[in-house]
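Quick note on the working numbering: the sequence shown kicks off at 1366 and runs consecutively.
Ideal Cβ positions, reconstructed from N, Cα and C, are used throughout, including at glycine.
Structure, as structure tokens:
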Amino acid sequence: MAGAQATPGDRAGLDLTPLTTTLNCRRLKASDEEGLATLYEGADGPSLSFLQSLNEKPSGAAWCALSEGRLLAVVWLNIFQDEAEIIDFRVDISMRRQGVGRYLLNEMLDALNLSGIKAVFLEVRRSNVAAITLYESSGFATIGARNNYYETASGREDALLMRHDSNKR
């Protein structure tokens, strides 16, 4: 938001109005390009072009959550036989802690379960307590760690490895 003035409690001028409209979950479409560009503008993690190239492969898949045509969250996966790996999971900063991420994650897990996927894996920064809490509440369990996996401004950080089995929900 160029030129927006932040006031105390509004997280740098972001609209934090509670989400009261209907959420929809579906597979990502080419027409979602503009919403993706907005979601990934200045973001850390994998680049949008990298994620899109993965999605074009037979093993790639992506789901998104929308409200009134606005892209609010996206999850990118690689699927191999009866397992999937979450490559990136992103929620619009103005929609965090409003249930959008939980909705998308659970809808995606249900869809994967129905399609025969038995396990879903992911990596998450050890310091990302909000994400870890979300994943655990959706049935993921920590199965290991990769020491010094992520680069940080002050050095390196561990990645936790998590797994969700289709019979956990």
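For residue 1454, the enclosing beta strand (DSSP E) starts and ends at 1448-1456. Residue pairing by DSSP puts residue 1506 in a beta bridge opposite 1528.
The residue from 1498, 1440, 1486 and 1389 with its alpha-carbon nearest to that of residue 1531 is 1486. Pairing residue 1447 with residue 1425 gives a Cβ-Cβ distance that is not under 7 angstroms. When 1388, 1439 and 1410 are compared, the shortest CA-CA separation from residue 1399 is found for 1439. When the Cα atoms are used, residue 1412 and residue 1434 turn out to be separated by approximately 23 angstroms.
Segment contact: the segment 1464-1475 against the segment 1486-1504, three or more CB-CB distances shorter than 8 angstroms; contact assigned.
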